[in-house]
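Trainee: One structure, pasted below without further comment.
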Amino acid sequence: MKKLIGFLKEWMLPCAIVLGIGLYLVYHFVPVLHPWGPVLHVAASEGQRLVIAVLLFFQFVKISPHDLKLSRWHLGALAVQVLSFLALAGLVALTRGELRMLLECAMLCMICPTASAAGVITDRLGGDLAGTVTYLVLINGVGTFLIPLIIPLVNPSSTLGFWAYVGHIALKVFPVLILPGLLAWLVRYTTHGLQRRLMRWASNSFYVWGIGLTLAMVLSTRALLLSSLGVWAVAGIVLVSVLCCFVQFFTGRWMGRTKVESLTAGQALGQKNTGFLIWLGYNYLTPVTSVAGGLYAIWQNLFNSWELYRKAHEDAQQKAA
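Quick note: the sequence shown uses the working numbering, first residue 205, plus one each step.
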């Protein structure tokens, strides 16, 4: 039993990926479950939003508002996301066909805000939790206004105006970003005993993310199977999502001036809120671009699993030395 628990702790993220894919495949290939499809989809999507809110609550509990300070790498990472998004949007507006779809996938992968679990992974790897949360708030705020400004330019058929876009995106982002922070800081400054207990429980947020990742993979598998993409189109999206994932993790690591800062910047820039990416692509761009979000979720969590595995073995070697 202990070996099983140890295995699950070390390989929780790959197990969650396999479990999420397997759960949707069971639903997909068992016709008797199909009438429950809408209910299961809402349960998975709203369940993931709840998990995100819980993760952010525990992160905000551990840090003070005074810890949210801008660093040089914050501005560098923001410049990477914004400028690449604008450049890709310009290319999208000039192209058609499958190339346009692939550019849209890249555009979404580059502007997608930081995942709520980035702080969980960063903290577990020994990075700066406050730095990650600062960037999470920053990129979500910028994205909420920048994305509605650019999408009508690359998708002129859309009937929504700028402020309608802002409203739609803000309703998707802020309930799971602002409310957990306000609640956590209310607890921090009013009930210190409860805050101390919550800080002890916060170490379990890594396992809460396992639930969130399972739900994310359910939604990602659904997006892929419903897309009816050809083999070459899927191969193109695979390549684009892998490249975007690699570029952002590598660029973030390169920006850091210290080991801790490098790790923190890499996670903040590379680890994405892929549920938001799927939702954005499906609702406001070519719907098949939502597949990029599901594939990106796989690559980033395989990378996270490798990082956690390496960190665990480094810690074990240090204890043995």
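Cβ atoms here follow ideal geometry from the backbone N, Cα and C, with glycine treated the same way.
All values reported here derive from a predicted model rather than from experimental measurement.
From the DSSP output, in three-state form, read off residue 348 for me.
Mentor: Correct three-state label for residue 348: helix.
Trainee: Measure the CB-CB distance between residue 309 and residue 493 and report whether it falls below 8 angstroms.
Mentor: Cβ distance < 8 angstroms, so residue 309 and residue 493 count as in contact.
Trainee: Could you spell out the range, first to last residue, of the alpha helix (DSSP H) harbouring residue 266?
Mentor: Residues 241-266.
Trainee: Taking 8 angstroms as the threshold (C-beta atoms), are residue 388 and residue 261 in contact?
Mentor: Yes, Cβ-Cβ distance for residue 261 and residue 388 is below 8 angstroms.
Trainee: Could you tell me how far apart the beta carbons of residue 380 and residue 257 are, in whole angstroms, since I believe they sit closer than 8 angstroms?
Mentor: Confirmed, Cβ separation roughly 4 angstroms.
Trainee: Please classify residue 299: does DSSP put it in a helix, a strand, or coil?
Mentor: Three-state result, residue 299: coil.
Trainee: Do three or more CB pairs link the region 433-453 to the region 309-321 at distances below 8 angstroms?
Mentor: Yes, the region 433-453 touches the region 309-321.
Trainee: Report yes if the CB atom of residue 255 is closer than 8 angstroms to the CB atom of residue 412, and no otherwise.
Mentor: Yes.
Trainee: Go ahead and pull the three-state DSSP assignment for residue 476.
Mentor: Three-state DSSP puts residue 476 in a strand.
Trainee: What does the alpha-carbon distance come out to for the pair residue 314 and residue 287?
Mentor: If I take the Cα positions, the gap works out to 9 angstroms.
Trainee: Would residue 476 and residue 348 be called neighbours here (beta carbons separated by less than 8 angstroms)?
Mentor: Cβ distance not < 8 angstroms, so residue 476 and residue 348 don't count as in contact.
Trainee: Does the region 321-332 come into contact with the region 457-465, if we say contact requires no fewer than three beta-carbon pairs (one atom in each stretch) closer than 8 angstroms?
Mentor: At 8 angstroms Cβ cutoff, the stretches touch.
Trainee: Restricting to Cα atoms, I'd like to know which of 353, 454, 400 and 515 is closest to residue 371.
Mentor: Nearest C-alpha to residue 371: 353.
Trainee: Suppose only complete runs of 3+ residues qualify. What are the beta strand (DSSP E) ranges in the region 366-411, listed by chain order?
Mentor: Counting only runs of 3 or more, we get nothing.
Trainee: Assign residue 277 to buried or exposed, taking buried as 16 or more other Cβ atoms, counted over all protein chains shown, within 10 Å of its Cβ.
Mentor: Flag for residue 277 reads buried.
Trainee: When DSSP labels each residue in this structure, what does residue 490 get in the three-state scheme?
Mentor: Of the three classes helix, strand and coil, the one that applies to residue 490 here is coil, per DSSP.
Trainee: For the pair the region 289-306 and the region 447-457, tell me if three or more CB-CB distances fall below 8 angstroms.
Mentor: At 8 angstroms Cβ cutoff, the stretches do not touch.
Trainee: According to DSSP, is residue 318 helix, strand or coil?
Mentor: In this structure, residue 318 counts as strand in the three-state DSSP scheme.
Trainee: Who are the Cβ neighbours of residue 488 in its own chain at under 6 angstroms, not counting the five residues just before and after it?
Mentor: Taken in chain order, the residues that qualify are 355.
Trainee: Can you tell me whether residue 243 is buried or exposed, with buried defined as 16 or more other CB within 10 angstroms of its CB?
Mentor: Label assigned to residue 243: exposed.
Trainee: Cβ of residue 384 within 8 angstroms of Cβ of residue 264?
Mentor: Against a cut-off of 8 angstroms, the Cβ pair of residue 264 and residue 384 comes out as a contact.
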